[in-house]
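Note sheet for the following structure.
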Amino acid sequence: MHWKTGFAGLTAIVSGRPLVAGADVQQGTYDVTVTASNTAGGVLNRGPLADLLPQMNEIQQWTLFGIGLLIVSLLGLLIKLWWQSRQQIKEQS
Numbered sequence: 003m004h005w006k007t008g009f010a011g012l013t014a015i016v017s018g019r020p021l022v023a024g025a026d027v028q029q030g031t032y033d034v035t036v037t038a039s040n041t042a043g044g045v046l047n048r049g050p051l052a053d054l055l056p057q058m059n060e061i062q063q064w065t066l067f068g069i070g071l072l073i074v075s076l077l078g079l080l081i082k083l084w085w086q087s088r089q090q091i092k093e094q095s
C-alpha cells in the first residue's frame, strides 16, 4: 500500500497538481452480529424467511417469497404447456 501512496505522490509532483489526500488502509477481520429489533409493543414482525435471512426486514422477505412463488408458478405452467405439446406430437405420429 505504501508504494501506491508513493506512486500517487510522484504522479502529483510530475503533473504539477497538488496531492489532495493519501491514506494507508489496514486489513482486518470483523465479527458482525445481526439482531432483529423489536417494534413498539414488544411484538416482533417476522417474515416467512426470518430464520434463513435475518438481515432482511419483513417486507423484503415477503417480496422475495412472492417472486419465488411467481417463478415456481411460471415454471409449472411452462412444464404443463410442454407436456401438452409433447402429447399432441405423440398423437399425431
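Start counting the sequence shown at 3; every next residue gets the next number (our numbering). Just so it is clear, CB atoms sit at the ideal spot from N, CA and C, and this is done for glycine as well.
- A distance below 8 Å separates the beta carbons of residue 63 and residue 50.
- Across the structure, residue 29 and residue 57 are spaced so that their CA atoms are roughly 25 Å apart.
- Here DSSP, grouped into helix, strand and coil, assigns residue 30 to coil.
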